[in-house]
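See structure below.
Residue numbers (this note's numbering): 3 to 422.
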């Protein structure tokens with residue numbers, strides 16, 4: 003059996019390793035545009051100088067040799083022919099397959115703003131190449147602007163803050179009223195906002211960039227950007243603009259195929275199967291904002307089915323985010339900004355000492371989501387309560403005091419077991 007995997011991040015790498023464990027004699031080829039293996043979750047550590055390339059690598063140095071995987075690195079897939087079962091690379095090399103996993107991930111989305119495309123000092127943040135470009139320009143810049151205060155925007159700004167070679171004025175622009183609007187409420191967000199202000203970052207909320215202004219001395223550069231800030235016209239100087247306004251799935255090579263995808267990303271079912279036989283998908287290429295742990299599980303599930311071992315993609319937390327900016331750990335489960343508007347949903351919150359903040363959304367005895375900040379020791383219990391859909395309505399203690407003993411026994415193998 004000849005397997006091909008497109009993409010060398012969480013889904014692709016873990017999928018390849020799983021395939022080898024299931025099929026010792028298979029021919030496995032992994033294709034990646036990247037020439038290094040690295041975790042995209044900690045690219046801000048690389049920007050900040052806390053880790054080098056080896057420090058963001060998540061596999062052993064002999065990973066490909068040990069698992070007998072043919073790695074075609076620095077190569078981009080430009081087309082796929084599902085009838086002939088072939089893949090064409092950017093060097094015109096043609097690779098055949100019996101089964102293929104599309105784990106090609108995503109890339110930065112540049113919104114339709116005047117002059118945002120094709121400028122040397124306007125960069126996204128998704129790859130190691132992006133990081134290297136940011137580090138290079140940032141070392142010379144006097145003014146740096148980050149567009150977007152989601153997880154990637156926070157990665158960018160925190161990395162710049164920790165980089166000892168960056169002495170620029172930093173600005174962060176967000177269309178919403180707070181940092182991390184998809185993950186946090188205003189109170190949890192303020193904790194990080196205060197830290198950014200302490201580090202001299204100028205914050206713009208409820209703001210929209212309207213135009214990037216071209217440097218009159220060099221049309222390949224921009225030197226400022228215009229924005230509407232609370233209805234006021236503002237112009238910010240910018241030697242570097244980092245665009246963190248979302249991502250787009252890498253599916254262009256599927257354009258002339260019958261493999262189904264939409265504006266969000268590749269479509270595949272709980273087994274990782276697309277609508278085309280022997281073509282599978284996993285990871286961020288779905289466009290669902292897939293977190294690292296989910297991408298790993300999807301890659302393993304998809305490749306298990308490729309190898310004939312039935313496994314489904316269930317029990318995953320798509321809306322789960324863990325962050326630790328400025329040594330303040332925070333976890334977000336579910337979409338509280340949606341739950342707060344849901345009829346019948348009860349929202350309980352608690353502010354404790356030492357900066358600990360907890361907020362839980364529940365309805366009819368079932369927990370739907372939570373924000374925990376400062377102390378994550380309770381998140382394991384919450385995750386299990388949500389995952390197993392446990393009814394807490396009969397528990398009379400505070401929702402913030404529920405623990406494993408309320409629902410679990412320790413079985414003969416000394417493991418926690420849910421008692422219904």
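Glycine is no exception: its CB is placed at the ideal position from the N, C-alpha and C atoms.
Test item: CB-CB of residue i and residue j under 7 Å
i           : j           : result
residue 147 : residue 243 : yes
residue 48  : residue 58  : yes
residue 151 : residue 176 : yes
residue 463 : residue 212 : Here the chain has residues from 3 to 422 only, and residue 463 is not among them.
residue 10  : residue 300 : no
residue 165 : residue 51  : yes
residue 24  : residue 311 : yes
residue 1   : residue 108 : Since the first residue of the chain shown is 3 and the last is 422, residue 1 is not available in this structure.
residue 272 : residue 203 : no
residue 375 : residue 190 : yes
residue 267 : residue 307 : no
residue 41  : residue 60  : yes
Residue interval of the alpha helix (DSSP H) (run including residue i)
i           : result
residue 261 : Element bounds for residue 261: n/a, residue is neither H nor E.
residue 185 : Premise fails: residue 185 is in no alpha helix (DSSP H) and is neither H nor E.
residue 16  : 12 to 24
residue 341 : 338 to 341
residue 67  : 65 to 68
residue 299 : 294 to 308
residue 160 : 153 to 164
Residue range of the beta strand (DSSP E) that includes residue i
i           : result
residue 212 : 209 to 217
residue 44  : It is not in any beta strand (DSSP E) - residue 44 carries neither H nor E in the DSSP assignment.
residue 206 : 204 to 206
residue 282 : 281 to 283
residue 98  : 96 to 98
residue 30  : 29 to 34
residue 138 : Here residue 138 belongs to no beta strand (DSSP E); instead the alpha helix (DSSP H) covers 130 to 140.
residue 335 : 332 to 335
residue 370 : 368 to 375
residue 226 : 220 to 231
residue 324 : 322 to 325
residue 235 : 234 to 239
Beta-carbon proximity list for residue i, same chain, < 6 Å, skipping 5 on both sides
i           : result
residue 5   : 21, 28, 30 and 101
residue 171 : 145
residue 133 : 45, 48 and 49
residue 96  : 88 and 90
residue 402 : 352 and 360
residue 43  : 294
residue 16  : 298, 301 and 302
residue 35  : 78
residue 364 : 348
Neighbourhood of residue i by C-beta distance below 8 Å, restricted to the same chain and skipping five residues each side
i           : result
residue 277 : 260, 261, 262 and 269
residue 178 : 151, 207 and 208
residue 195 : 180, 181 and 205
residue 201 : 163 and 172
residue 404 : 383, 387, 394 and 397
residue 62  : 68
residue 119 : 112
residue 258 : 81
Other residues of its chain near residue i: CB distance less than 7 Å, five sequence neighbours each side excluded
i           : result
residue 122 : 222 and 223
residue 246 : 127, 148, 149, 150, 152, 154, 155 and 158
residue 256 : 82 and 263
residue 324 : 333
residue 367 : 393, 394 and 395
Nearest-angstrom beta carbon gap, residue j and residue i [assumed within contact, 8 Å]
i           : j           : result
residue 338 : residue 361 : 7 Å
residue 373 : residue 193 : Not a contact, Cβ separation roughly 11 Å.
residue 174 : residue 198 : 7 Å
residue 287 : residue 251 : 5 Å
residue 79  : residue 8   : 5 Å
residue 341 : residue 371 : 5 Å
Counted within 10 angstroms of its Cβ, other Cβ atoms place residue i as buried (16 or more) or exposed
i           : result
residue 400 : exposed
residue 218 : exposed
residue 125 : buried
residue 105 : buried
residue 379 : exposed
residue 253 : buried
residue 84  : buried
residue 416 : Because residue 416 sits at a pLDDT of 48, beneath the cut-off of 50, its placement in the model cannot be relied upon, and the following sentence gives the value as read from the coordinates. Residue 416 should be labelled exposed.
residue 279 : exposed
residue 305 : buried
residue 131 : exposed
residue 493 : A question about residue 493 goes unanswered here, because the residues of the chain that appear run from 3 up to 422.
residue 354 : exposed
residue 56  : exposed
residue 292 : buried
Chain D within 7 Å of residue i, Cβ atoms only
i          : result
residue 12 : Considering every chain present, this structure includes no chain D. It has just one protein chain.
Near the ligand ZN: residue i beta-carbon under 6 Å from a heavy atom
i           : result
residue 248 : No copy of the ligand ZN appears in this structure; indeed no ligand is present at all.
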